[in-house]
Amino acid sequence: MCSETEPSWKDCPTDEVKKLIDCSHFGLTKIPLDIYDSSWNEIRFSRNPFTCDCTMNTFLHDERFPEYLRRTKDLKNAECAQPTSYAGVGILKLADDPTFCKDGGEKIEQGLRFEISLKRLVASDCTVVR
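Quick note on the numbering used here: the sequence shown kicks off at 3 and runs consecutively.
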């Protein structure tokens, strides 16, 4: 049986001297909030295939968001990959989008589950399908 697991931010390359953790190009689909409980001064997330669903909305409106923004220097460059209706949209732009995850969040999540199901049906071997 094939399974797909989310990479762990704990495996991202680090620079202990600069207190930096670089999760750029790491295959993350969610922003791991527990990374902000760590001692890293700078966190990088650009070039990941983020899923922009209602979980992302929770991140954007969290009371600690100013801290997240301060420590994540490249968050302005991070973009959504899924669902396709948000592909290429900057994550920070979602915070100002009045339609994001309002009355349509369930439809977005259902659409994403459908897209993932289709991708898994198309996969013929045990490779990770994104």
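Glycine included, each C-beta is placed from N, C-alpha and C at the ideal position.
Practice problem: From the DSSP output, read off the bridge partner residues of R46. | Solution: According to DSSP, R46 bridges with D24.
Self-check item: Start and end residues, alpha helix (DSSP H) containing C56
Solution: Run containing C56: C56 to L62, per the alpha helix (DSSP H) assignment.
Quiz prompt | Alpha-carbon to alpha-carbon, C14 and C56 | solution = Their backbone Cα atoms lie some 25 Å apart in a straight line.
Quiz prompt | Beta-carbon spacing of I33, F67 below 8 Å | solution = The Cβ-Cβ distance between I33 and F67 does not fall below 8 Å.
Self-check item: Top-ranked residue by Cα proximity to S87, from D76, K95 and C54
Solution: Across the set D76, K95 and C54, the C-alpha of C54 shows the shortest separation from the C-alpha of S87.
Exercise. Could you work out which residue in M58, C103, V91 and T31 is closest to T7 when comparing CA atoms only?
Key: T31 is the residue among M58, C103, V91 and T31 whose C-alpha sits nearest the C-alpha of T7.
Practice problem: Look at the alpha carbon of K109 and the alpha carbon of E18, and state the distance between them as a whole number of angstroms. | Solution: In this prediction, K109 has a pLDDT of 48, which is less than 50 and means its spatial position is unreliable; what the coordinates show is noted afterwards. Computed Cα separation, rounded: 42 Å.
Quiz item: Given that a residue counts as buried once 16 or more other Cβ atoms are within 10 Å of its Cβ, and exposed if not, what is A89?
Solution: Counting the other CB atoms within 10 Å of its CB gives A89 a total below 16, which places it among the exposed residues.
Quiz item: What residue range is occupied by the uninterrupted alpha helix (DSSP H) comprising Y38?
Solution: Looking at the DSSP string, Y38 is not in any alpha helix (DSSP H), and its letter there is neither H nor E.
Practice problem: Name the residue from R49, C82, G29 and D64 whose alpha carbon lies nearest to the alpha carbon of D36. | Solution: That would be D64, whose Cα lies nearest to the Cα of D36.
Practice problem: May I ask you to report which of helix, strand or coil DSSP gives E108? | Solution: Confidence is the limiting factor: at E108 the pLDDT is only 46, short of 50, which leaves the residue's position unreliable and the question unanswerable from this model.
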